[in-house]
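Counted from 1, the sequence shown has number 39 at position 55 by the numbering used here; the numbering is strictly sequential. Even for Gly, the Cβ is constructed at its ideal location relative to N, Cα and C. Below: the structure, in structure tokens.
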Amino acid sequence: MTSKFGATQIGLVQFPGSNCDADCIDAFKRLFQIDLQLIWHEETSLPSRLQGLILPGGFSYGDYLRSGALASISPIMQAVKGFVGKGGSVIGICNGFQVLTESKLLPGALLKNDSRKFICEYAHLSVAGGDSVYHRKLKGSLYKVPIAHGEGRYYVDSEGLKKLGANGQILFQYAGTDGVLSEASNPNGAISHIAGIVSENGRVLGMMPHPERASSELLGSADGQKILEAFLETVG
């Protein structure tokens, strides 16, 4: 089946230690007929016709110092910052979210899970209030998407949290299967149950859950397809 997104130019940044790039390549090809353009971390520029960018999950630079810290100062990130500054659409998944916060492209930080253990399980995501393309496309549903991280506990100070709420930047929150936020439904102790946020202009998304791993019922959930499609809808 032909996809309306097939001609969209999407890049994927590969860092040493990225290990979810293959999952993204498969999902975008299978679901949207998009061949992702691979961009090595040592590059200093992005393809000229690029419309969107993916920072994938994994353990960039072995997670040394802090998750995402070394990747945030790799050569390609200056070009990524320039792309964002011009209104480019970016999705950072798991380690990609950590890179976005370390690069100050999104506020807050990702800390060690409350349990101090690596967590690998399905999570259910509710959509908070907001007016971004993501909020408009995804609101009203609960999304079953896997998480796999040791440092996924989102934190921002009280003033930052107020700003996120006031700006409608909180996108995903960890919830129960009934959509209710509770201590039991918050797998890593994230402040305000936050699993994903967007930038003020709504074009940059960082999320700890892996939508590319929820792209087929054979994998246990196809809910991630709607999230990836919402990302493509932000591309101008």
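Query                                                                                                              : Result
8 Å Cβ cutoff met for residue 175 and residue 145                                                                  : yes
Every unbroken alpha helix (DSSP H) within the segment 142 to 216, with a cutoff of 4 residues, ordered by chain   : 142 to 151
Rounded straight-line distance, which links the Cα of residue 118 to that of residue 132                           : 22 Å
Alpha carbon of residue 47 to alpha carbon of residue 61, nearest angstrom                                         : 17 Å
Coil, strand or helix - residue 48 by DSSP                                                                         : coil
Exposed unless 16 or more other CB atoms sit within 10 angstroms - verdict on residue 57                           : exposed
Coil, strand or helix - residue 137 by DSSP                                                                        : strand
Pick from 184, 179 and 186 that is closest to residue 195, judged by C-alpha positions                             : 179
Contact check, residue 280 vs residue 73, beta carbons under 8 Å                                                   : The question about residue 280 has no answer, for the chain in this structure spans -15 to 220.
Residue 51 classed as buried or exposed, judged by whether at least 16 other C-beta atoms fall within 10 angstroms : buried
Proximal residues to residue 115 (C-beta, below 7 Å), its chain only, five neighbours per side dropped             : 152
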